[in-house]
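For reference, the structure discussed in these notes is given below.
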DNA sequence: GACCTGACGCCCC
DNA sequence: AGGGGCGCCAGGT
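In the working numbering, the protein residues as written are 38 to 158.
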């Protein structure tokens, strides 16, 4: 068999994909951060960009989605511009005890949380 | 309807 | 080891 093909987003309803991303994002423990790639990898759907695309619609979902806990692989707060203010993301993370320096999560490797760590699904 | 960009990340040079 | 290119999928121009 060839390499297992990652399921395309087209194979599922986009709304379902949205829900999945939101769900996983909401499971990120306070004080921890996750990455777009980790979520995409866990869902085995689309790509990291899709996660960002989905989170871009989180403003539609009134629910309190801790999108500020999702950063890129480098730990950079790449999505800060999409919040109410460019500093909200940093402020929220700092409020949770996450140290931020120059828009980058300090000790990213330590604080990184992979959905795989979820004991119960 | 084609092209480019985007809250990314891996592979290749 | 650092930088650049390509893939990913959807939306906007």
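Glycine residues also receive a C-beta, built at the ideal position from the N, C-alpha and C atoms. Since this is a predicted model, take the numbers as computed values, not measurements.
Query, Result
"Nearest candidate by alpha-carbon position, reference residue 103, set 132, 138 and 79", "132"
"N-terminal and C-terminal residue of the alpha helix (DSSP H) that residue 81 is part of", "Here residue 81 belongs to no alpha helix (DSSP H), and DSSP marks it neither H nor E."
"Pick from 59, 71 and 67 that is closest to residue 114, judged by C-alpha positions", "71"
"Outcome for residue 38 when other beta-carbon atoms lying within 10 angstroms are tallied against a minimum of 16", "Confidence in residue 38 is poor, its pLDDT being 43 and thus under 50, which makes the residue's placement unreliable; the coordinate value appears in the next sentence. Under this definition residue 38 is an exposed residue."
"Own chain, CB closer than 7 Å to residue 112, minus 5 neighbours either side, in chain order", "141, 142 and 145"
"For residue 38, three-class secondary structure by DSSP", "For residue 38, the predicted structure reports a pLDDT of 43, less than 50, and the residue's modelled location is therefore unreliable. The matter cannot be settled from this model."
"Secondary structure of residue 44, DSSP reduced to three states", "strand"
"Beta-carbon separation (whole angstroms), residue 81 vs residue 88, contact threshold 8 Å", "The Cβ separation is near 12 Å, so there is no contact."
"Those residues which DSSP pairs with residue 121 across a bridge", "Note: residue 121 sits in no beta bridge, so no partner."
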